[in-house]
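So for the sequence shown, my numbering puts the first residue at 1; every next one is plus one.
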Amino acid sequence: MKILIVEDDPTVSSYIAKGLEDSGHMTVVANDGKQGLEKATQERFDVIVLDRMLPQIDGITVLNTLRENGDNTPAVILSAKNKVEDRVKGLRSGADDYMTKPFAFEELLARVEIVAARQQTPATTVTEIKVADLTLDLINRSVTRKDKVIELQSKEFKLLEYLLRNQNKVITRTMLLENVWEYTFDPQTNVIDVHISRLRNKIDKGFDKQIIETIRGAGYIVNAES
């Protein structure tokens, strides 16, 4: 992918650029909002990583301008502003995701790849998701593994759907809280652990292949290739 990084802090921009390039992506860096808007207008990018507080033109204005001009390039906003109203404003300006600083690069990479994939293959075109011998039917809201019908509660189904949609990517606790539980903060409970345990008990118990794997210190992954 070709990714535009709009960030006025050279330490942060070089950190992001190096990480993305090490992951096989091409990057272009803009040091302020005006330069970022110009580059986004003149070149085609797969994703824009956009700091919110920028010199010349702020990130929200940059994104609003692009959207008003019909540019729907996926954008991930980075910001030190972490209040709910700040996040809402960022998302309503047309951002596909919003991350607060400081951040872990692995999570940023996952979010960048997710918003890019969402743009290329709209989720609405998918009717079922398969991993190994497990099938999740999005129309009938059902799950089967081999010939066994697996009964899931609503939240368990949503959790499994999110994991399967992002298979082969490490999914962090923060990503699950935001996308499955729609929390904008960590409630410091074991809600994720409880639901993952219940889900594993239903879809993995008694089968040779484990669908959900734990990545110690990072999160969870559905490895479709193992």
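C-beta: ideal position from N, C-alpha, C; glycine also.
In this text the structure is predicted, and so the values were computed from the model without any measurement.
Integer Cβ distance of residue i from residue j, believed to fall under 8 Å
i: ILE203; j: ARG145; result: 6 Å
i: LEU66; j: VAL28; result: Actually they do not touch by this definition, with Cβ atoms about 15 Å apart.
i: SER93; j: ILE60; result: 5 Å
i: ARG141; j: PHE157; result: 6 Å
i: VAL222; j: LEU164; result: 6 Å
i: VAL115; j: ASP96; result: 4 Å
i: ILE77; j: TYR98; result: 5 Å
i: THR57; j: ALA75; result: First, the amino acid is wrong: residue 57 is Ile here, not Thr. Contact flag wrong, Cβ pair sits at about 14 Å.
Cβ-based burial, residue i [other Cβ within 10 Å; buried from 16]
i: VAL149; result: exposed
i: THR124; result: Its pLDDT being 48, under 50, THR124 is placed unreliably in this model, and the value from its coordinates should be taken loosely. Per the 10 Å Cβ criterion, exposed.
i: VAL232; result: What the structure shows of the chain is the stretch from 1 to 226, and residue 232 is not part of that stretch, so it cannot be assessed.
i: ILE196; result: buried
i: VAL88; result: exposed
i: ALA17; result: buried
i: ASP137; result: exposed
i: ASP186; result: exposed
i: VAL194; result: exposed
i: THR73; result: buried
i: ILE171; result: buried
i: VAL84; result: exposed
i: GLU178; result: buried
i: ASP22; result: exposed
i: ARG52; result: buried
i: ASN227; result: Within the shown structure, residues of the chain are numbered from 1 to 226, placing residue 227 beyond reach of any answer.
i: MET26; result: exposed
i: LEU199; result: buried
i: ASN166; result: buried
i: GLU161; result: buried
i: ILE215; result: exposed
i: PRO122; result: Legend: pLDDT at PRO122 = 49, less than 50; position of this residue unreliable, no value from coordinates given.
i: GLY217; result: exposed
i: LEU91; result: exposed
i: ILE139; result: exposed
For residue i, the first and last residue of its enclosing beta strand (DSSP E)
i: VAL99; result: With the sequence shown as reference, residue 99 is identified as Met, and Val is not the correct amino acid for it. Residues 97–100.
i: THR144; result: 142–145
i: VAL131; result: 128–131
Bridge-paired residues (DSSP) for residue i
i: GLU213; result: ILE221
i: ASP51; result: LEU78
i: ILE192; result: Answer is none; ILE192 lacks a bridge partner.
i: LEU108; result: Partner(s): none; LEU108 has no beta bridge.
i: LYS2; result: MET26
Residue i: first and last residue of the uninterrupted alpha helix (DSSP H) it sits in
i: LEU138; result: Where LEU138 is concerned, there is no enclosing alpha helix (DSSP H), given that its DSSP letter is neither H nor E.
i: VAL149; result: Unbroken run through VAL149 is the beta strand (DSSP E), 148–150; no alpha helix (DSSP H).
i: SER154; result: 154–165
i: GLU68; result: 59–68
i: ASN179; result: 173–179
i: LYS89; result: 84–92
heavy atom of the ligand GTP below 7 Å from residue i C-beta
i: ALA224; result: Ligands are entirely absent from the displayed structure, and the ligand GTP is therefore not among its contents.
Along the chain, which unbroken stretches of the alpha helix (DSSP H) at least 4 residues long are found entirely within the segment 7–42?
Qualifying alpha helix (DSSP H) stretches, in chain order: 10–22, 33–42.
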